[in-house]
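In what follows, a single structure is set out as C-alpha coordinates and then discussed.
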Amino acid sequence: MNNRKKVPMRKCVATGEMKPKKELVRVVRSKEGDVSVDVTGKKSGRGAYVSKDKEAILLAKKKNVLSTHLGASIDEAVYEELLALVEKEKQSR
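For the sequence shown, the UniProt record's numbering assigns the number 1 to the initial residue and increments by one for each residue that follows.
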(Lines of atoms letter the chains of each structure in order from A and count residues from 1; the text may use other names and numbers.)
(Lines give C-alpha, C1' and ligand atoms only; values in the text may rest on other atoms or scores of the structure.)
Protein backbone atom coordinates (compact mmCIF):
# COMPACT_ATOMS: atom_id res chain seq x y z
CA MET A 1 0.00 0.00 0.00
CA ASN A 2 1.03 3.58 -0.60
CA ASN A 3 1.40 5.23 2.81
CA ARG A 4 2.47 8.66 1.60
CA LYS A 5 -0.21 11.30 1.86
CA LYS A 6 -1.55 12.56 -1.42
CA VAL A 7 -0.12 16.00 -2.13
CA PRO A 8 -2.88 18.45 -3.07
CA MET A 9 -2.06 19.87 -6.48
CA ARG A 10 -3.28 23.20 -7.82
CA LYS A 11 -2.87 24.97 -11.13
CA CYS A 12 -1.12 28.32 -11.32
CA VAL A 13 -3.40 30.70 -13.22
CA ALA A 14 -0.42 32.58 -14.65
CA THR A 15 1.77 29.74 -15.94
CA GLY A 16 -0.78 26.92 -16.18
CA GLU A 17 1.57 24.57 -14.29
CA MET A 18 0.29 22.04 -11.80
CA LYS A 19 2.19 22.39 -8.53
CA PRO A 20 1.83 21.25 -4.93
CA LYS A 21 -0.54 23.60 -3.12
CA LYS A 22 2.28 24.63 -0.74
CA GLU A 23 4.20 26.18 -3.64
CA LEU A 24 1.30 28.40 -4.61
CA VAL A 25 -0.43 31.32 -2.96
CA ARG A 26 -4.21 31.73 -3.08
CA VAL A 27 -5.90 34.96 -4.03
CA VAL A 28 -9.55 35.06 -3.06
CA ARG A 29 -12.61 37.15 -3.92
CA SER A 30 -15.23 37.37 -1.21
CA LYS A 31 -18.98 37.56 -1.83
CA GLU A 32 -18.69 41.32 -1.39
CA GLY A 33 -16.17 41.43 -4.24
CA ASP A 34 -13.12 42.21 -2.09
CA VAL A 35 -9.97 40.61 -3.45
CA SER A 36 -7.27 39.65 -0.98
CA VAL A 37 -4.25 37.39 -0.62
CA ASP A 38 -5.29 34.29 1.31
CA VAL A 39 -2.16 33.12 3.13
CA THR A 40 -4.01 30.41 5.08
CA GLY A 41 -5.78 29.03 1.98
CA LYS A 42 -8.97 28.73 4.01
CA LYS A 43 -10.89 31.93 3.35
CA SER A 44 -14.29 31.46 1.80
CA GLY A 45 -14.89 32.80 -1.67
CA ARG A 46 -13.68 32.26 -5.21
CA GLY A 47 -9.99 31.40 -5.19
CA ALA A 48 -7.24 31.42 -7.77
CA TYR A 49 -3.71 30.14 -7.24
CA VAL A 50 -0.47 31.79 -8.35
CA SER A 51 3.03 30.34 -8.08
CA LYS A 52 5.19 31.79 -5.31
CA ASP A 53 7.41 33.16 -8.00
CA LYS A 54 8.06 36.77 -8.95
CA GLU A 55 7.87 36.05 -12.70
CA ALA A 56 4.53 34.24 -12.34
CA ILE A 57 3.04 37.11 -10.33
CA LEU A 58 4.23 39.71 -12.83
CA LEU A 59 2.91 37.57 -15.67
CA ALA A 60 -0.47 37.28 -13.93
CA LYS A 61 -0.51 41.05 -13.54
CA LYS A 62 0.44 41.68 -17.18
CA LYS A 63 -2.09 39.21 -18.57
CA ASN A 64 -4.71 40.26 -16.00
CA VAL A 65 -5.51 36.57 -15.39
CA LEU A 66 -6.49 37.03 -11.75
CA SER A 67 -9.17 39.51 -12.61
CA THR A 68 -10.49 37.16 -15.32
CA HIS A 69 -10.49 34.15 -12.97
CA LEU A 70 -12.04 35.95 -10.03
CA GLY A 71 -14.39 38.17 -11.98
CA ALA A 72 -13.25 41.25 -10.10
CA SER A 73 -10.81 44.07 -10.61
CA ILE A 74 -7.52 43.46 -8.86
CA ASP A 75 -6.07 46.29 -6.82
CA GLU A 76 -2.40 47.15 -7.28
CA ALA A 77 -1.96 46.46 -3.55
CA VAL A 78 -2.83 42.78 -4.07
CA TYR A 79 0.09 42.34 -6.47
CA GLU A 80 2.38 44.27 -4.12
CA GLU A 81 1.34 41.98 -1.26
CA LEU A 82 2.01 38.90 -3.41
CA LEU A 83 5.46 40.17 -4.39
CA ALA A 84 6.27 41.05 -0.77
CA LEU A 85 5.18 37.56 0.30
CA VAL A 86 7.48 35.95 -2.28
CA GLU A 87 10.40 38.14 -1.16
CA LYS A 88 9.79 37.26 2.49
CA GLU A 89 9.71 33.53 1.70
CA LYS A 90 12.92 33.79 -0.29
CA GLN A 91 14.70 35.39 2.67
CA SER A 92 13.41 32.83 5.16
CA ARG A 93 14.69 29.87 3.13
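The beta carbon of each residue, even a glycine, is placed where N, CA and C say it ideally should be.
| request: Starting from K63, follow the alpha helix (DSSP H) in both directions and report where the run begins and ends. | output: K54 to K63
| message | Between V50, G71 and G45, which has its C-alpha nearest K22's C-alpha? | response | V50
| query | If we call anything under 7 Å between Cβ atoms a contact, is R4 one with L24? | reply | no
| message | Quick check on K90: does DSSP put it in helix, strand or coil? | response | helix
| message | So G45 and S67 are supposed to be a Cβ contact under 8 Å. How far apart are they, rounded? | response | About 15 Å; that fails the 8 Å criterion.
| task | For the beta strand (DSSP E) holding R4, just list the boundary residues, first then last. | result | That residue, R4, is in no beta strand (DSSP E); it is neither H nor E in DSSP.
| request: Verify whether the separation of the beta carbon atoms of V86 and K54 is less than 7 Å. | output: yes
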